[in-house]
Amino acid sequence: MTRTATPLRPTRTRPKTRAEFEAELYRWTPEEVVEKRLLPYTSPAVLRRKCRRHEIHHHKDGGRISFTLDDIRRENERTAVTPIAA
């Protein structure tokens with residue numbers, strides 16, 4: 090007796106809330122990133138130095154360093170440590 094596979098129901102995606110939509114557009118300063126602990130750096134000076142050396146993802150709007158939500162996600166993904174499978 091053979092069984093036919095039942096198709097999976099498509100997952101529902103909920104629409105973004107206003108706060109989520111605005112977070113995509115917001116730009117954080119190095120001070121805000123350190124204060125909110127969005128990246129693993131303890132000083133805005135270290136964060137700025139890494140930006141000047143082009144070591145981390147960031148934007149330079151009008152000469153000022155800023156971070157979008159995408160920059161923070163990409164930087165967190167880049168610095169993630171993958172566990173070794175046993």
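In my numbering, each residue carries its 1-based index in the sequence shown increased by 89. Don't be surprised by glycine CBs; every beta carbon is placed ideally from N, CA and C.
Check, Outcome
"Reduced DSSP secondary structure (H/G/I, E/B, other) of Lys105", "coil"
"His146 beta carbon less than 8 Å from that of Ser155", "no"
"The region 109-127 contacting the region 157-166, beta-carbon criterion three pairs below 8 Å", "yes"
"Own chain residues within Cβ distance below 6 Å of Lys139, not counting five before or after", "Ile145"
"Completely contained beta strand (DSSP E) runs for the region 115-171, where each covers 3 or more residues", "148-150, 153-155"
"Neighbour-count burial assignment, Val122, 16 or more Cβ in a 10 Å radius", "buried"
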